[in-house]
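Residue numbers (this note's numbering): 1476 to 2121. Notes to accompany the following structure.
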Ligand code: ME8
């Protein structure tokens, strides 16, 4: 029976379309999954989306849709991108899947009933207008980090998990399983910075927002998003907290490897193992925290138009070229860098010049000299032995790197084989052999050896660049071989090369690529502006919401600058019979003299607020363009002050 291999990616947040960094992880895991399948393992590969939490609730509100509508759209985009780059997952789990939600409720209840979760008090700082809880460290100069207003000390009921109870067992597990955390350097960090100083109990419920899985016995609370998200690794394969787990779960758990980014190692090597211990389940065999793919020149930002997305990259370079670049961009233990220029260079150098050339030259020579027929001419020379030695050693070397999760190095080994084969063409000079019929036996052997080398190399390349490997082999009328066959050189009897071999990899012109990148950037900036203009940032409201705002026409009767501020003007407004003071941030746009006598629009039922020591009893309406220029609003024709606006 085949040995099972269960691997997972982190589940991506559905807060927005995933950039190439998130997509890297899916491609990396895919290459590992395909490699293990080719080695004969019974692989189960799970990926998916992490869909709950306050941030997503807020994003949905800003987009004017329900959280479920929001996550449905983004989860669809994520799945679409995974499919586009060829991620061969067996299961795509969503944390809004009903069976997952049910299991999370059961898990929470089980942990509560056995005493690992208890109800306690969460102490923090509360901002009443924002309805938000903050910890001491989140405050900004002691004020609410969102609105800058005063906060007050408050307590909230919450559920806590007894982390400390399991710390010693986890330390022992680390010691007995030195291979548990990869890279190894992160193990000491977890031990010394978190485990040894002592774990505090973890708050595992929230009541300040609603978009989560309700605690079924206390539905004012939703389950903490990390307890919900981490558990996907067991719920996705059929775990049941009541003891009725599926056969699939029994077969697959514990996971062989969780592949995640370096920023979430702590969640996977401290919280997750402890949750599992509490559930009485074995721990995953390995957690591999890969480095990050970063962009040259700093952070990706939509407003700058420099966010790199897999679909844009694929539209320019093609799927396998993108897979190749990201898989080689990141040596283990390090971050990788991505840019349009670096991609163009690397794809041209390795895919077009090394591999593409090797395949095209070999196929073209077989066509030219032997009408496409490839067979061993039986004339060998010592140089062949060196080629064969490199080709036959490749599988072992690649396997060793893959066992250590050194995917970039594994690809380097495969390209060593292709480079060696190119050198063999230079050494044997087939075009010279072709000049004299008496050398045709040797010429046949040379082309045969090249074809064997290529097909073995492409078979090894298959897990990384599946489409290109198959397409390349097809040019020689062949299929890629199974890994079991890679220990032999000379399996090929004879074959016929395709008459019109297609170019395997294009060579890209940096100027053309840059022009396309600029086009993509411009589209991104425009889409970003449009979403702002469309008011995508604000939720739709009903007329009853609008009716809550009291707007009136006012006349400015006096105006002065506020001494302590260079932004604020203090306006005295006449609103019918009434007179009011309003402070407004328009000092850079208007002088006090200009304002006197003007008619404008004021919100009259806004709660008074103190600005620079002056109480403002309303707010005047202004328009602001994208350059930050201001214009206050006035009625289109003269209207007496106090007139209502609706
Ligand atoms: O962390 N390069 O989701 P996420 C490489 N939902 N990897 C990157 C990256 C980059 N530039 N940026 C992010 C979450 N990642 C949680 C996971 S698992 C139970 C819950 C990686 O969408 C990141 O490290 O923010 C993580 O492994 C994955 O992409 C998803 O990130």
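Glycine included, C-beta positions come from ideal geometry on N, C-alpha and C.
Exercise. Would the C-beta of residue 1767 count as close to ligand 1, meaning under 7 Å from any of its heavy atoms?
Worked result: Here residue 1767 refers to the residue found at position 292 of the chain shown. Flag set: Cβ of residue 1767 near ligand 1.
For this session: Within the same chain, show all residues whose beta-carbon is closer than 8 Å to that of residue 2109, passing over the 5 residues directly before and after it, in chain order.
Result: On the chain shown, position 634 is the one that residue 2109 refers to. The residues are 2073, 2074, 2075 and 2076.
Exercise. Fully enclosed by the segment 1691-1744, which alpha helix (DSSP H) runs are 4 residues long or longer?
Worked result: 1700-1705, 1707-1710 and 1722-1727
Problem set entry | As assigned by DSSP and simplified to three states, the class of residue 1972 | Translated into the one-based positions of the chain shown, residue 1972 becomes position 497. Looking at residue 1972 - three-state DSSP - the assignment turns out to be coil, as it is neither helix nor strand.
Exercise. Which residues share a DSSP beta bridge with residue 2095?
Worked result: Residue mapping note: residue 2095 aligns to position 620 of the chain shown, counting from 1. Partner(s): 2077.
For this session: Indicate whether residue 1626 and residue 1597 have their beta-carbon atoms separated by less than 8 Å.
Result: Residue 1626 sits at position 151 when you count from the first residue of the chain shown. Residue 1597 sits at position 122 when you count from the first residue of the chain shown. In this structure, residue 1597 does not lie closer than 8 Å to residue 1626 by Cβ.
Exercise. Residue 2061 and residue 2026 look like a contact to me (Cβ under 8 Å); what is the Cβ gap, rounded to whole Å?
Worked result: The residue given as residue 2061 occupies position 586 in the chain shown. The residue given as residue 2026 occupies position 551 in the chain shown. Residue 2061 to residue 2026, Cβ: 18 Å. No contact.
Problem set entry | residue 1591 classed as buried or exposed, judged by whether at least 16 other C-beta atoms fall within 10 angstroms | Counting from one through the chain shown, the residue named residue 1591 turns up at place 116. Residue 1591 is buried by the Cβ-count criterion.
Exercise. Pick from 1854, 1783, 1868 and 2000: whose alpha carbon is nearest that of residue 1932?
Worked result: Translated into the one-based positions of the chain shown, residue 1932 becomes position 457. It is 1868.
Exercise. Regarding residue 1497 and ligand 2, is the C-beta to nearest heavy atom distance less than 7 Å?
Worked result: With respect to ligand 2, the structure shown offers nothing to examine, as its ligands consist of ligand 1.
Problem set entry | Cβ distance (whole Å) where residue 2099 is taken to contact residue 1985 below 8 Å | Within the chain shown, numbered from 1, the residue matching residue 2099 stands at position 624. Within the chain shown, numbered from 1, the residue matching residue 1985 stands at position 510. Between residue 1985 and residue 2099 the Cβ distance is about 40 Å, and since that is not below 8 Å, they are no contact.
For this session: Sort 1902, 1536 and 1663 by Cα distance to residue 1744 and report the nearest one.
Result: The sequence position of residue 1744 within the chain shown is 269, counting from 1. Of 1902, 1536 and 1663, the residue nearest in Cα terms is 1663.
For this session: Starting from residue 1933, trace the alpha helix (DSSP H) both ways and give me its first and last residue.
Result: For this step, residue 1933 is matched to residue 458 along the chain shown. Taken as a continuous stretch (DSSP letters only), the alpha helix (DSSP H) holding residue 1933 covers 1915-1936.
For this session: Might you give, ordered along the chain, the residues of its own chain that have their beta carbon closer than 8 Å to the beta carbon of residue 1492, omitting 5 neighbours on each side?
Result: Counting from 1 along the chain shown, the entry for residue 1492 is found at position 17. These residues qualify, in order along the chain: 1549, 1552, 1553, 1556 and 1784.
Problem set entry | Spatial distance of residue 2119 from residue 1490 (CA atoms) | Residue 2119 sits at position 644 when you count from the first residue of the chain shown. Residue 1490 sits at position 15 when you count from the first residue of the chain shown. Taking the straight line joining both Cα atoms gives about 41 Å.
Exercise. Would you report the Cα separation of residue 1646 and residue 1670, rounded to the nearest angstrom?
Worked result: Position 171 of the chain shown, counting from 1, holds the residue named residue 1646. Position 195 of the chain shown, counting from 1, holds the residue named residue 1670. Whole-angstrom Cα-Cα distance: 7 Å.
For this session: Taking the CB atoms as reference points, tell me whether residue 1701 and residue 1532 lie closer together than 8 Å.
Result: By one-based count along the chain shown, residue 1701 stands at place 226. By one-based count along the chain shown, residue 1532 stands at place 57. Contact flag unset, no.
For this session: Identify whether residue 1944 lies in helix, strand or coil by the three-state DSSP scheme.
Result: The residue you call residue 1944 lines up with position 469 of the chain shown. Note: residue 1944 maps to helix in three-state DSSP.
For this session: From the DSSP output, read off the bridge partner residues of residue 1764.
Result: Working through the chain shown from its first residue, we reach residue 1764 at position 289. In DSSP, residue 1764 forms a bridge with 1735.
Exercise. At a cut-off of 7 Å, is residue 1615 close to ligand 1 when judged by its beta-carbon and the heavy atoms of the ligand?
Worked result: As a working note, residue 1615 is residue 140 in the chain shown. No, ligand 1 has no heavy atom inside 7 Å of this Cβ.
For this session: For residue 1618, collect the residues of the same chain with a Cβ closer than 8 Å to its Cβ; drop the 5 residues on either side in sequence, then sort them by chain order.
Result: For this step, residue 1618 is matched to residue 143 along the chain shown. Answer for residue 1618: 1624, 1625 and 1626, listed in chain order.
Exercise. By a C-beta neighbour count over all protein chains shown, 10 Å radius and 16 as the cutoff for buried, is residue 1484 buried or exposed?
Worked result: On the chain shown, residue 1484 is found 9 positions in, with the first residue counted as 1. Buried, by the Cβ-count rule.
Exercise. What residues in its chain sit with their C-beta under 7 Å from that of residue 1499, if we drop five residues either side in the sequence?
Worked result: Counting from one through the chain shown, the residue named residue 1499 turns up at place 24. Correct list, in chain order: 1768 and 1801.
Exercise. Do you know how far the Cα of residue 2107 is from the Cα of residue 1883?
Worked result: The sequence position of residue 1883 within the chain shown is 408, counting from 1. The sequence position of residue 2107 within the chain shown is 632, counting from 1. About 58 Å.
Problem set entry | Close-in-space but distant-in-sequence residues of the same chain around residue 2051 (CB under 7 Å, 5 per side omitted) | To locate residue 2051, count along the chain shown from 1; it is residue 576. Once the five neighbours on either side are set aside, the close Cβ partners of residue 2051 are 2116 and 2117.
For this session: Starting from residue 1567, follow the beta strand (DSSP E) in both directions and report where the run begins and ends.
Result: Walking along the chain shown from the start, residue 1567 turns up at place 92. 1566-1569 is the span of the beta strand (DSSP E), which, as asked, contains residue 1567.
Problem set entry | Validate contact between the segment 1821-1840 and the segment 1968-1986 using beta carbons, cut 8 Å, 3 pairs | yes
Problem set entry | Assigned secondary structure, residue 1601 (DSSP; H/G/I helix, E/B strand, else coil) | Counting from 1 along the chain shown, the entry for residue 1601 is found at position 126. In this structure, DSSP gives residue 1601 an extended state, which the three-state scheme calls strand.
Exercise. Using 8 Å as the Cβ pair cut-off and three pairs as the minimum, do the segment 1689-1709 and the segment 1842-1858 touch?
Worked result: no
Exercise. Cβ of residue 1711 within 7 Å of any heavy atom in ligand 1?
Worked result: Within the chain shown, the letter at position 236 stands for residue 1711. Checking the Cβ of residue 1711 against ligand 1 gives no.
Problem set entry | Identified DSSP bridge partners for residue 1983 | If you number the chain shown from 1, residue 1983 lands on position 508. In the DSSP output, where bridge partners are listed per residue, residue 1983 has none listed.
For this session: Kindly list the residues whose CB is nearer than 6 Å to the CB of residue 1944, restricted to its own chain and excluding five residues on each side of it in sequence; keep chain order.
Result: Indexing the chain shown from 1 puts residue 1944 at position 469. So the qualifying residues of the chain are 1933, 1936, 1937 and 1955.
Exercise. How far does the beta strand (DSSP E) with residue 2045 in it reach, from first residue to last?
Worked result: In the chain shown, counting from the first residue as 1, residue 2045 sits at position 570. Run containing residue 2045: 2044-2050, per the beta strand (DSSP E) assignment.
For this session: Less than 8 Å between the CB atoms is what I'm expecting for residue 1918 and residue 1844, so what's the real figure, rounded?
Result: As a first step, residue 1918 must be located in the chain shown, where it is residue number 443. As a first step, residue 1844 must be located in the chain shown, where it is residue number 369. Contact holds; Cβ gap of about 6 Å.
For this session: Consult DSSP for residue 2010 and reduce its assignment to one of helix, strand or coil.
Result: Translated into positions along the chain shown, residue 2010 becomes position 535. Confidence in residue 2010 is poor, its pLDDT being 48 and thus under 50, which makes the residue's placement unreliable; the coordinate value appears in the next sentence. The answer is coil: DSSP assigns residue 2010 none of H, G, I, E or B.
For this session: Could you spell out where the beta strand (DSSP E) holding residue 1498 opens and where it closes?
Result: Along the chain shown, one-based indexing puts residue 1498 at 23. Looking at the DSSP string, residue 1498 is not in any beta strand (DSSP E); the run it does join, the alpha helix (DSSP H), is 1495-1513.
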